[in-house]
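Enquirer: Residue numbering for the sequence shown is 2 to 194, as defined by the working numbering.
Provided herewith is a single structure, encoded as structure tokens, for subsequent inquiry.
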Amino acid sequence: MTRVPQQPHPQDIDREMVPVFRAHAETVHRVARRAAMGDDAAAEDATLQAFLESTRIWGQFRTWAPGRQRAWLCNRACKRVIDGWRSVRRAVPTEQVPEERRTSSSWSAEEIALSRITVERCLKVIESFQPRVGRVAYLRWHELWTNSEIARNLGIDRATVLRDLKRATLALEEQMGEELPFPKSSDDGGEEA
2 MTRVPQQPHP QDIDREMVPV FRAHAETVHR VARRAAMGDD AAAEDATLQA
52 FLESTRIWGQ FRTWAPGRQR AWLCNRACKR VIDGWRSVRR AVPTEQVPEE
102 RRTSSSWSAE EIALSRITVE RCLKVIESFQ PRVGRVAYLR WHELWTNSEI
152 ARNLGIDRAT VLRDLKRATL ALEEQMGEEL PFPKSSDDGG EEA
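The structure is reproduced here in structure tokens:
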């Protein structure tokens, strides 16, 4: 029989939440903003809702490793963005929509299929990498870890992370051309090189 951790006192949750929020808020907001297609207000709401939801299961949540906490929070934030879309359909001002997209406010079946094919091609290329290069690319582009977090967790130095990301980027550019499903910049979330 599995024992469910007892829910701590609300004051304990408040005290323990501060370092968790500092550690994960930026990443959760970035993921929520991407899910909300750049809508900062929706991303902020979703981020706050995700952290609020974590307090409901805090007894269990606080025992998780930081990576699992971040993944759970990102997942919840994305779900809150989707819930927002379902409850209210917002009009997008036409000046914010590229010219070729102004005729329709939703993706066509062809665009969805092409985007899925692009992502699947990208994953196949990543799977062909050496194991460490594939892990570095996955953690950076999918999990949105910083280069320092990757280096620390994989037990390698940042120079190796940067070298592996460069190899991965070059291989993807060679295989996929302009269809890359991630930004080409080497931005590291504000970290110094």
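Built from N, CA and C at the ideal position, the CB exists for glycine as well.
On a predicted model such as this, the values are computed, not experimentally measured, just so you know.
(1) Do T48 and A230 come within 8 Å of each other at the CB atom, strictly closer than that value?
(2) Pick out the complete alpha helix (DSSP H) segments inside the region 113-171, 4 residues or longer, and give them in chain order.
(3) Any heavy atom of the ligand MN closer than 7 Å to the CB of N154?
(4) Do V137 and L166 have their C-beta atoms closer together than 8 Å?
(5) Short check: CB of A43 to CB of V29, under 8 Å?
(6) From which residue to which residue does the alpha helix (DSSP H) around D46 run?
(7) To the nearest angstrom, how far is it from the Cα of L163 to the Cα of L53?
(8) For T64, which three-state DSSP category applies?
(9) Which of the three DSSP states, helix, strand or coil, is assigned to M18?
(10) Who are the near neighbours of R77 in its chain, counting only those whose CB is closer than 6 Å to its CB and skipping five residues on each side?
(11) How about I157 and Y139: do their beta carbons lie closer than 8 Å?
Expert: According to the structure shown:
(1) The chain is shown from 2 up to 194; residue 230 falls before or after that span and cannot be answered.
(2) The region 113-171 contains these whole alpha helix (DSSP H) runs: 132-142 and 148-155.
(3) As presented, the structure is devoid of all ligands, the ligand MN included, so that no description of it is given.
(4) Counting from one through the sequence shown, the residue named residue 137 turns up at place 136. Counting from one through the sequence shown, the residue named residue 166 turns up at place 165. Taking 8 Å as the Cβ cut-off, V137 and L166 qualify as a contacting pair.
(5) Translated into the one-based positions of the sequence shown, residue 43 becomes position 42. Translated into the one-based positions of the sequence shown, residue 29 becomes position 28. Going by C-beta atoms, A43 is not nearer than 8 Å to V29.
(6) The count along the sequence shown starts at 1 and reaches residue 46 at position 45. The continuous alpha helix (DSSP H) containing D46 extends over residues D41 to R57.
(7) Reading the sequence shown from its first residue, position 162 is the one you call residue 163. Reading the sequence shown from its first residue, position 52 is the one you call residue 53. Approximately 35 Å between the Cα atoms of the pair.
(8) Along the sequence shown, one-based indexing puts residue 64 at 63. Coil.
(9) For this step, residue 18 is matched to residue 17 along the sequence shown. The answer is helix: DSSP assigns M18 an H, G or I state.
(10) Walking along the sequence shown from the start, residue 77 turns up at place 76. Result list for R77: A51 and E54, in chain order.
(11) Start at 1 with the first residue of the sequence shown, and residue 157 comes out as number 156. Start at 1 with the first residue of the sequence shown, and residue 139 comes out as number 138. Cβ atoms of I157 and Y139: not closer than 8 Å.
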